[in-house]
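K.L.:
Chains as they are written, first to last, in the working numbering: chain A, 2 to 421; chain B, 2 to 421.
#1: Please state the DSSP three-state secondary structure of residue 264 of chain B.
#2: If we call anything under 8 angstroms between Cβ atoms a contact, is residue 243 of chain B one with residue 83 of chain B?
#3: At least one CB of chain A closer than 8 angstroms to the CB of residue 81 of chain B: is that the case?
#4: Please report the distance separating the alpha-carbon of residue 272 of chain A from that of residue 299 of chain A.
#5: Using C-beta distances below 8 angstroms, list every residue in its chain close to residue 149 of chain A, excluding the 5 sequence neighbours before and after it, in chain order.
#6: So what does DSSP say about residue 394 of chain A, is it helix, strand or coil?
#7: Curious, which full-length alpha helix (DSSP H) runs of at least 4 residues does the stretch 260–339 of chain A contain?
#8: Could you confirm whether any beta carbon from chain B is found closer than 8 angstroms to the beta carbon of residue 369 of chain A?
#9: Cα-Cα, which of A:193, A:56, A:204 is closest to residue 16 of chain A?
#10: Tell me residue 131 of chain A's beta-bridge partners as DSSP assigns them.
#11: Report yes or no: is there a C-beta of chain B within less than 8 angstroms of the C-beta of residue 336 of chain A?
#12: Here's a check: name, in chain order, each residue in its chain whose Cβ is nearer than 7 angstroms to the Cβ of residue 280 of chain B, leaving out the five neighbours to either side.
#13: Classify residue 259 of chain B: buried if its beta carbon has 16 or more other beta carbons within 10 angstroms, exposed otherwise.
#14: Whose Cβ in chain A lies nearer than 9 angstroms to the Cβ of residue 145 of chain B?
#15: In chain order, what residues of the same chain lie with their CB nearer than 8 angstroms to the CB of residue 91 of chain B, ignoring the 5 residues before and after it?
#16: Please report the residue range of the beta strand (DSSP E) in which residue 123 of chain B lies.
#17: Does the Cβ of residue 302 of chain B have 16 or more other Cβ atoms within 10 Å, making it buried, or fewer, making it exposed?
#18: How is residue 361 of chain B classed by DSSP in three states: helix, strand or coil?
#19: Whole angstroms is fine: what's the gap from residue 422 of chain A's alpha carbon to residue 129 of chain B's?
#20: State yes or no: is the beta carbon of residue 376 of chain A nearer than 8 angstroms to at least one beta carbon in chain B?
#21: Please confirm whether residue 59 of chain B has its beta-carbon closer than 8 angstroms to some beta-carbon of chain A.
#22: Beta-carbon within less than 8 angstroms of residue 233 of chain B's beta-carbon, same chain only, minus the 5 sequence neighbours each way: which residues are those?
#23: Could you check the C-alpha separation between residue 395 of chain B and residue 403 of chain A for me, to the nearest Å?
#24: Excluding five sequence neighbours on each side, which residues of the same chain lie with their C-beta closer than 8 angstroms to the C-beta of residue 317 of chain B?
#25: Check whether the Cβ atoms of residue 247 of chain A and residue 41 of chain A lie closer than 8 angstroms to each other.
#26: Considering Cα atoms alone, identify which of B:25, B:178, B:7, B:194 is closest to residue 322 of chain B.
#27: Which residues in the same chain as residue 205 of chain A place their Cβ atom closer than 8 angstroms to its Cβ, once the five residues preceding and following it in sequence are excluded?
#28: I believe residue 289 of chain B touches residue 121 of chain B by the beta-carbon criterion, under 8 angstroms. Please report the beta-carbon distance rounded to the nearest angstrom.
#29: Along the chain, where does the alpha helix (DSSP H) containing residue 195 of chain A start, and where does it finish?
#30: Mind listing the chain A neighbours of residue 391 of chain B? Cutoff is C-beta to C-beta under 8 angstroms, in chain order.
#31: Near residue 135 of chain A, which residues of its chain fall below 8 angstroms by C-beta distance, leaving aside the five closest residues on each side in sequence?
#32: Can you give me the C-alpha to C-alpha distance between residue 384 of chain A and residue 377 of chain A, rounded to a whole angstrom?
#33: Taking the alpha helix (DSSP H) that residue 415 of chain A belongs to, which residues open and close that run?
#34: Answer with buried or exposed for residue 138 of chain A, where buried requires no fewer than 16 other C-beta atoms within 10 angstroms of its C-beta.
#35: Can you tell me whether residue 196 of chain B is buried or exposed, with buried defined as 16 or more other CB within 10 angstroms of its CB?
#36: Assuming residue 238 of chain B is part of the alpha helix (DSSP H), what are its boundary residues?
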């Protein structure tokens, strides 16, 4: 791997703590992914992209900015990438997945908020995040209390995601999307034309379609890709250059097709088919997926923000005018079934659909600690699943490794119960 | 005190656990309030109203319902009482303040959500809440993640409080207020006329004005009422019959005026003047106020929902038509400076105003555990206060008594620091 010390120094990154972070990410990656015996060969590309998230990807964005290009930090799949891309702005998802960074946030934030937020700010405050100086500003949203108030505390821009899905709420959201467009145009000095927006809509849909295609293979009785590797692909999707990602993901999809034809399965044993539900698993974190699959379960679907929630819905490509396109973008994002909504029947419907389509035998609700919305909603979903005869397991956890043994015991018992 | 066993039995209350609850509330009341040496005589009425919240008040609402009257459960000062009252519906604030009830909620809700919500549902699930069968339905709101999702889980009606204060948000909120009006009319079968609504607007404003008047006396160098007793008055305001409350509060205000004239102060010593900020303290809970005042601090202002946030703003009484009145109601509630808003500069402005008007020397941020919005916002306020030379103390706590010693030590150190 190339040495990026000079670049990191130019970005005011603390080299010593960055080295510790990289070491911790390397170890996590090795532990989580590399034990798997029958990975697609092309997963090596995604392993590399994961490592390059602190190297080549940083250099790419640095170069983009050196040429006068702009970039923003984002933390949620509600920020409409299409609009940023149409203005030539690179959106950089910055949700922290590093356990190493968490305690650093204790100086500025309460301890009892979710590890994702703490990791994000821990990376920043410890001078370890190479993207800190690689963005013009950060754009947060109002999907949960802790994020919303943390964005305020640090003066981020905030998009309001409403809490109901009535027509007045759709208007609020549409106004936010329009404001985001203005924000991107003002930042870049680029006027977003119908042509540019149509292009970025197609590009983002293209990215979603290839992720959908990979997910389709997981419906098979013998999936050619594991849930762990599908997660890694999704995680990389949020960091890598979009065109490079689409190319790699297409190549992977072809390999998966080939593996299906030649009967190469990702799993040695036909363990229970599991849906992973709940909180997201940002790059650097895959603890619950790892424990589950190394305990013999097969995660054939993941409905989280680092799973199908990211790529399920497409933007309607039929509009020619700017207003129509912007409305189509707003509609697409407003349809996301985040647990921030009241009520959120859409999510239950989507989960039931996944259960049928992917022949799910059990659901693991992965709840990042203090994520109240997914945690409480898990209880409603558990109740509905019970009626359908699908067992649920709710796991509350954080990024630390301390509870791994205990979680493994619970997951093994869950696997055994389903197996019976 | 009258015996309400038959009534409670009719309301399907578990008498045994209700007796344990009442004993716990009695002990808490005694510990928190009765140690004070120089209370206004009329506080005896509020002590009695506090005890009658599980007796005479229950009987009153029972009688109202026997006559065909309706009542609803509420949990937040965003539910517009004026509208319920105009339809003849009694709104019953049900936020739990009992430590005893908390663990009962563990069967149905995560443990790491705030004690207020857990206490509320603990009361209900343990069959201890006499109001459970005394309401037609419950009306929640979206002011925090845990409340919002808990209302959904148990099928409550939910009013959407938006997360920003832009004009589109004001429209969302106005639509919710109109929907609440329809809800109240449908429930009661009563059509809300301009005359009825004007009357309930005046009544609620009247209630707020008398609370404002009591609070005014706390501005004096020697307040005639303690922060603890002012809290008790506010807590009772949320339970007692509105007309009875206004009468008692007016009588108290006259006594306070008399005490000022005769030089009867509530405190023996001139301890530092404190603003209590942050989470609310529902009836049954006054732990931080108690520790602070029994440690020599004087809480002369409380900006929480069980403090001035409840009575600060009045509804504009100048409108004659229904639409104008409903808009005035919506505006009044939309101006509330809850920490659920992003940004929430209004709250900081209000706190700065209180600091000047009440000559505040220090601020205690009382944060109920896992209340992310007040917890994170406390850090922003602390920063602003520091610039003004006002020290802050952030206390995260729950309803248990386990941390009382530790909190007392911190508060005493805070008092000493201000005294210097």
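The beta carbon of each residue, even a glycine, is placed where N, CA and C say it ideally should be.
P.N.:
Looking at the coordinates:
#1: coil
#2: no
#3: no
#4: 6 angstroms
#5: 141, 142, 143, 159
#6: strand
#7: 288–295, 309–312, 323–335
#8: no
#9: A:56
#10: None; residue 131 of chain A has no bridge partner.
#11: no
#12: 305, 367, 368, 369, 372, 375
#13: exposed
#14: 146, 373
#15: 62, 65, 70, 71, 72, 73, 85
#16: Unbroken run through residue 123 of chain B is the alpha helix (DSSP H), 116–126; no beta strand (DSSP E).
#17: buried
#18: coil
#19: Examination of residue 422 of chain A is not possible in this model, given that chain A is present from 2 through 421 alone.
#20: yes
#21: no
#22: 34, 44, 47, 48, 51, 287
#23: 29 angstroms
#24: 329, 332, 333
#25: no
#26: B:194
#27: 82, 83, 86, 243, 316
#28: With a Cβ gap of about 19 angstroms, residue 289 of chain B and residue 121 of chain B do not count as contacting.
#29: 195–218
#30: Within 8 angstroms Cβ-Cβ: nothing; residue 391 of chain B doesn't reach chain A, min ~19 angstroms.
#31: 12, 59, 62, 63, 66, 72, 93
#32: 11 angstroms
#33: 405–420
#34: exposed
#35: exposed
#36: 228–238
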